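*Asks:* In the working numbering, the protein residues as written are 4 to 231.
We put the beta carbon where it would ideally sit given N, CA and C, even for glycine.
These figures come from a predicted structure and were not determined experimentally.
Below is the structure I would like to discuss, written out as structure tokens.
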Ligand code: 1GP
């Protein structure tokens, strides 16, 4: 699950509050490797129902990308256990994990320890606000943080420009992270055009995650299909 890839694969992110079943139907006919489900704040408390609905439409594996420690559903195929390595907020390095530990263990979910690195996306992201941390912007610092993540035993590095970022990850940063770690690298935040996808594909990340752009226009997925 979420392994290293020869060619970059696509992940669709669904926020349960903005769930559109038509996107999942379309994903069935497109090259989508995983569906991530989660959101920074879930107002409708409908994670479980959303996953159930997605699974009634598709066999694409569903992974929880939790916005907080309450976003757990045993229906999913796995859950990212996120450690916010770019910030120094203990709650997001270990605090939330302790709160959720029993629940996750009991759920029997497959857990994927993930080094989550917030990078400056030219706009204050919700994650920044909620976690009260600053994103990284220096390449050297980002690469070193990713290496530290691997040394800590993370199975995945997630380079996050923030949901709806104005500026996506710089492909030269992604390339350097890829060169320096041997675990899979996921890139997300603000990817909303074919040009941005093409630019990021040059960096050979293992996965690109797209959320907002598909919420706004799910048919964008069709435009991307030939690129993956
Ligand atoms: C956000 O990386 C994801 O956590 C996806 O970002 O919604 O901007 O595509 P977008």
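#1: What three-state label does DSSP hand residue 44 in the structure shown?
#2: Using the DSSP secondary-structure output, state which residues sit across from residue 39 in a beta bridge.
#3: Taking all protein chains shown into account, decide if residue 79 is buried (16 or more other Cβ within 10 angstroms of its Cβ) or exposed.
#4: Just reading off the alpha helix (DSSP H) that residue 203 is part of, what are its end residues?
#5: Please check the pair residue 39 and residue 14, which I expect to be a contact at CB under 8 Å, by giving their CB distance rounded to whole angstroms.
#6: Measuring CA to CA, which of 20, 84 and 30 is closest to residue 68?
#7: Any heavy atom of the ligand 1GP closer than 7 Å to the CB of residue 5?
#8: Can you list the beta strand (DSSP E) stretches of 3 or more residues lying completely in the stretch 101-171, in chain order?
#9: In chain order, what are the residues with a CB under 6 Å from some non-hydrogen atom of the ligand 1GP?
#10: Check residue 95 in the structure and name its three-state DSSP category.
#11: Mapping the DSSP letters down to three states, classify residue 86 as helix, strand or coil.
#12: Going by beta carbon distance, what residues of the same chain come within less than 7 Å of residue 111, once the five residues before and after it are set aside?
#13: Can you look up residue 5 in the DSSP assignment and give me helix, strand or coil?
#14: Output the boundary residues of the beta strand (DSSP E) element that contains residue 189.
*Replies:* According to the structure shown:
#1: Here residue 44 corresponds to residue number 41 of the chain shown, with the count starting at 1. Three-state DSSP puts residue 44 in coil, outside helix and strand.
#2: Numbered from its first residue, the chain shown carries residue 39 at position 36. For residue 39, which the question treats as bridged, DSSP gives the partners 16 and 66.
#3: Your numbering for residue 79 matches position 76 in the chain shown. Label assigned to residue 79: buried.
#4: Position 200 of the chain shown holds residue 203. Here the alpha helix (DSSP H) through residue 203 covers 197-204.
#5: Reading the chain shown from its first residue, position 36 is the one you call residue 39. Reading the chain shown from its first residue, position 11 is the one you call residue 14. Residue 39 to residue 14, Cβ: 6 Å. Contact.
#6: For the purposes of this step, residue 68 is taken as residue 65 along the chain shown, with counting starting at 1. For residue 68, the nearest C-alpha among the options comes from 84.
#7: Position 2 of the chain shown, counting from 1, holds the residue named residue 5. False, no ligand heavy atom lies under 7 Å from that Cβ.
#8: 114-121 and 159-163
#9: 16, 163, 166, 167, 168, 191, 192, 193, 194, 212, 213, 214, 215 and 216
#10: Mapped onto the chain shown, residue 95 falls at position 92. Helix at residue 95.
#11: Position 83 of the chain shown holds residue 86. Strand at residue 86.
#12: Here residue 111 refers to the residue found at position 108 of the chain shown. Cβ within range, chain order: 77.
#13: Position 2 of the chain shown holds residue 5. Residue state, collapsed to three classes: coil.
#14: Here residue 189 corresponds to residue number 186 of the chain shown, with the count starting at 1. 188-191 is the extent of the beta strand (DSSP E) around residue 189.
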